[in-house]
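Here's the structure, in structure tokens; my notes come after.
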Amino acid sequence: MYGSDFLYYLTSGNELYRQRKGEFSASQICSFPKEKQIVWMDMSGNRLYYRNTRQEVKRLKVSGNLMENRLFHSPATVYRSKDKITASWLKKKKDGDELLLGVQDGLVIVGEDGEADTVSVFKDRYVTSFFAPRHSGLLYLSTLNDGIFYVSPDTAFKPVPGTEKNSFIRDLIATEGYRSALITLTNHHILSQNPDDTLRVRGYNRLLYANDTLFYALPEFGIRKFSISGGRICDKGKYYTDIRFNPAAAFVSNGWLCLGSDLGVLTIGIDREDIPRWVAFAPGSTFNLRFVVITAILVLGIIALAVGGYFRRRSSTKKQILRRVEALKARVDDLELLYDLSDQASREEVACLRAEIETIDPDAPERKKTYALITRLTNDIINRNREATLCLLKKLKEQAGWIAGTELSTSHSCSQRRPKPRNRTISSG
Numbered sequence: 000m001y002g003s004d005f006l007y008y009l010t011s012g013n014e015l016y017r018q019r020k021g022e023f024s025a026s027q028i029c030s031f032p033k034e035k036q037i038v039w040m041d042m043s044g045n046r047l048y049y050r051n052t053r054q055e056v057k058r059l060k061v062s063g064n065l066m067e068n069r070l071f072h073s074p075a076t077v078y079r080s081k082d083k084i085t086a087s088w089l090k091k092k093k094d095g096d097e098l099l100l101g102v103q104d105g106l107v108i109v110g111e112d113g114e115a116d117t118v119s120v121f122k123d124r125y126v127t128s129f130f131a132p133r134h135s136g137l138l139y140l141s142t143l144n145d146g147i148f149y150v151s152p153d154t155a156f157k158p159v160p161g162t163e164k165n166s167f168i169r170d171l172i173a174t175e176g177y178r179s180a181l182i183t184l185t186n187h188h189i190l191s192q193n194p195d196d197t198l199r200v201r202g203y204n205r206l207l208y209a210n211d212t213l214f215y216a217l218p219e220f221g222i223r224k225f226s227i228s229g230g231r232i233c234d235k236g237k238y239y240t241d242i243r244f245n246p247a248a249a250f251v252s253n254g255w256l257c258l259g260s261d262l263g264v265l266t267i268g269i270d271r272e273d274i275p276r277w278v279a280f281a282p283g284s285t286f287n288l289r290f291v292v293i294t295a296i297l298v299l300g301i302i303a304l305a306v307g308g309y310f311r312r313r314s315s316t317k318k319q320i321l322r323r324v325e326a327l328k329a330r331v332d333d334l335e336l337l338y339d340l341s342d343q344a345s346r347e348e349v350a351c352l353r354a355e356i357e358t359i360d361p362d363a364p365e366r367k368k369t370y371a372l373i374t375r376l377t378n379d380i381i382n383r384n385r386e387a388t389l390c391l392l393k394k395l396k397e398q399a400g401w402i403a404g405t406e407l408s409t410s411h412s413c414s415q416r417r418p419k420p421r422n423r424t425i426s427s428g
């Protein structure tokens, strides 16, 4: 298959290769599931249309990079047929591509949006092939037993007179001259529109148009050359009879025949069959890209979780340190109050404790040192609190004893100053 600047090849392993025109090496740009073998494909710009054995027609944007295609481009299903698709043609238009699909017994036209219209004239007719002469605007299609039809931009499908009597039509080509001449391949003959011009053949599967005076046909083995001279078909010989070429993998591009086979792709010059060139295929990367991508995603996910967990733990640790610092400050306030109540001269000690607390950095990288400092300060404040409390209790006890002694002394003084009672005698009379 060929595009504007490149030739495209599909291997039996469903691997797509691209070759720049004028070169003889192709590099892999895409791969497809092997269980969905592709049987037809065509290009429109950078979009690949293809049909697989599951009667699905898909569209895929492709670039020249294997990794980009695997990672960023995925196919879209354009049409899925419940019946067998017998032939395909991509009509490239400025306002949107169209697919013409021969389905078992009928013809469907599918727009770029996937909308399908059935062409009624082909009801119960088995479409076998399409051919469009360059620059003519015409499209021909053959049916198995109902002749050949054509359509132009200005007309509907019309039958080509005289072809309806031909049966078991497999393929067709048409010349590009003013009066286009049809060449038809059936299961037993190669026919022109001249009723007396018939070549009996057997086992041929495909016709390849070279120019208005030359075409090729693919038998079971090799390739056969024919010329058109004086309105008649002439056999010009058979070449490469030891190679079985794949009819679905053969096309003509820029003066070269490109013939796919189990051995590779052989290119030969048109009318220069003695100049063969084999296309060199550069395989894609041998590593499993999907596995690498999945592994990379998992690793990145694990790293993200680890980093997130680290920052969450760091944030939680910082909050915990800040809470402990506030608790230390509250204990220092309590200690200072105890010192004031016990009349201990401790302003310098309290100031030193406060200064040390202020040196605690919750963002310090060495958290063990921070926790060790907090623990030391906590124990120091606890010990100082105990000492201050004992000192306060001692002072309170002393004050209580002094108060008790003062009350006893006062009571004794009062009893000494109290006057004695006088005795009186009361007479009776």
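With numbering that gives the first Met the number 0 as the guide, the letters of the sequence shown map in order to residues 0 to 428. Cβ coordinates follow ideal geometry from the N, Cα and C atoms, glycine included.
Just grab the DSSP bridge partners of residue i for me.
i: Q438; result: Nothing about residue 438 can be read from this structure; the chain reaches only from 0 to 428.
i: Y208; result: F214
i: S260; result: F244 and G263
i: S151; result: None; S151 has no bridge partner.
i: Y238; result: I222
i: D116; result: I108
i: K90; result: E97
i: G268; result: W255 and R271
i: E55; result: R79
i: A281; result: S26
i: T405; result: DSSP output for T405 lists no bridge partner at all.
i: T197; result: L190
Indicate the three-state DSSP secondary structure (helix, strand or coil) for residue i in the structure shown.
i: I293; result: helix
i: N245; result: strand
i: L138; result: strand
i: S166; result: coil
i: L143; result: coil
i: G230; result: coil
i: D332; result: helix
i: S80; result: coil
i: G489; result: Since the first and last residues shown for the chain are 0 and 428, residue 489 lies out of range.
i: A354; result: helix
i: F121; result: helix
i: K60; result: strand
i: R133; result: coil
i: G254; result: coil
i: V159; result: coil
i: D41; result: strand
i: I359; result: coil
i: F31; result: coil
i: T316; result: helix
i: T174; result: coil
Beta strand (DSSP E) containing residue i: first to last residue?
i: R69; result: That residue, R69, is in no beta strand (DSSP E); its alpha helix (DSSP H) goes L65 to F71.
i: F130; result: V126 to F130
i: E272; result: R271 to W277
i: Y203; result: Run containing Y203: none; DSSP gives neither H nor E here.
i: N186; result: Element bounds for N186: n/a, residue is neither H nor E.
i: G101; result: E97 to V102
i: R50; result: R46 to N51
**Request:** Assess, as a yes-or-no matter, whether the stretch 207 to 225 is touched by the stretch 168 to 187 under the definition of 3 or more beta carbon pairs within less than 8 angstroms.
**Result:** Touching, yes, given that three or more Cβ pairs across the two stretches are closer than 8 angstroms.
**Request:** Determine contact between the stretch 246 to 259 and the stretch 210 to 224, defined as no fewer than three beta-carbon pairs at a distance below 8 angstroms.
**Result:** Output reads yes: the stretch 210 to 224 touches the stretch 246 to 259.
**Asked** Taking one C-beta from the stretch 318 to 329 and one from the stretch 293 to 309 each time, how about it: are there three or more such pairs within less than 8 angstroms?
**Response** Not touching, per the Cβ criterion.
**Request:** Mind the definition here: the stretch 91 to 108 touches the stretch 62 to 75 only if three or more C-beta pairs lie below 8 angstroms; say whether that holds.
**Result:** Here the stretch 91 to 108 makes no contact with the stretch 62 to 75; the two share fewer than three CB pairs at distances below 8 angstroms.
**Asked** Can at least three beta-carbon pairs, one atom from the stretch 74 to 84 and one from the stretch 43 to 58, be found at a separation below 8 angstroms?
**Response** At 8 angstroms Cβ cutoff, the stretches touch.
**Message:** Closer than 8 angstroms is the cut-off here; do at least three beta carbon pairs connect the stretch 267 to 279 with the stretch 13 to 30?
**Reply:** Segments in contact, yes.
**Message:** Would the stretch 300 to 307 count as touching the stretch 38 to 51 if we require 3 or more Cβ pairs under 8 angstroms?
**Reply:** As far as the Cβ criterion goes, the stretch 300 to 307 does not touch the stretch 38 to 51, which means the pair count is below three.
**the stretch 158 to 165 contacting the stretch 138 to 148, beta-carbon criterion three pairs below 8 angstroms** = By the Cβ test, the stretch 158 to 165 is in contact with the stretch 138 to 148, since at least three Cβ pairs between them sit closer than 8 angstroms.
**Item:** Validate contact between the stretch 109 to 123 and the stretch 132 to 139 using beta carbons, cut 8 angstroms, 3 pairs
**Value:** Taking 8 angstroms as the limit for Cβ pairs, the verdict is that the stretch 132 to 139 does not touch the stretch 109 to 123.
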